[in-house]
Amino acid sequence: MFDQSQIQEFKEAFTIMDQNRDGFIDKEDLRDTFAALGRINVKNEELEAMVKEAPGPINFTVFLTMFGEKLKGTDPEETILHAFKVFDTEGKGFIKADFIKEKLMTQADRFSEEEIKQMFAAFPPDVCGNLDYRNLCYVITHGEEKD
1 MFDQSQIQEF KEAFTIMDQN RDGFIDKEDL RDTFAALGRI NVKNEELEAM
51 VKEAPGPINF TVFLTMFGEK LKGTDPEETI LHAFKVFDTE GKGFIKADFI
101 KEKLMTQADR FSEEEIKQMF AAFPPDVCGN LDYRNLCYVI THGEEKD
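Here the UniProt record's numbering is used: the sequence shown runs in plain steps of one and ends on residue 147.
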């Protein structure tokens, strides 16, 4: 299903999400993870729906299996787009470049200042400081901008 490097990345993600370090991801872990990503007011119903997708308590094996099922046959562009949409709570199609910079430099596999400069050189924010993540996703997955 996944190669060893992918499993390691999922393990890192699981560890980040398992905020209380009990070996399981529960509603409170999800709430804390969303808060760390800047989304403070997540409804209890949303969290319950996420947890109910699992067949039981979410340990790493269940977590990995669920991702395997979700990603089987998934379009990579759609997967990346969905990840960005988590931060676009108003559904506008863009995210503040400063916000993305902060997240990329402080979370998980951190970007360096040079990597941030390269990204913004390739995908410059607009005059209001917004990053068009839909176009970014397209270029990441297809290698060229949409016309």
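For each residue, glycine too, the CB sits at the ideal point set by N, CA and C.
What you are looking at is a predicted structure, and each value in this text was computed from that prediction instead of being measured.
Beta-carbon proximity check, R108 vs I16, cutoff 8 Å = First, the amino acid is wrong: residue 108 is Ala here, not Arg. Result yes, Cβ atoms of A108 and I16 sit closer than 8 Å.
K52 to I140 span [Cα, whole Å] = 32 Å
Keeping to the same chain, check which residues put their C-beta closer than 7 Å to that of V42; ignore five residues upstream and five downstream.
-> R31, F34
Under 8 Å by Cβ, that's how I've got F10 and F84 pegged, so tell me the actual separation to the nearest angstrom.
-> Going by Cβ atoms, the distance from F10 to F84 rounds to 19 Å, so no, they are not a contact pair.
Endpoints, the alpha helix (DSSP H) within which F34 is located = 27–36
Alpha-carbon to alpha-carbon, T61 and N20 | 18 Å
How long is the line joining the alpha carbons of E102 and N44, rounded to whole angstroms?
-> 27 Å
Work out the CA separation of G129 and H142 for me, nearest whole Å.
-> 24 Å
Hey, R39 and G93: beta-carbon distance below 8 Å or not?
-> no
Is F123 near L136, with beta carbons less than 8 Å apart?
-> yes
Hey, I58 and I25 are a contact pair by Cβ (cut 8 Å); roughly how many whole angstroms apart?
-> 4 Å
Does DSSP classify K101 as helix, strand or coil?
-> helix
Are the CB atoms of V86 and L131 nearer to each other than 8 Å?
-> no
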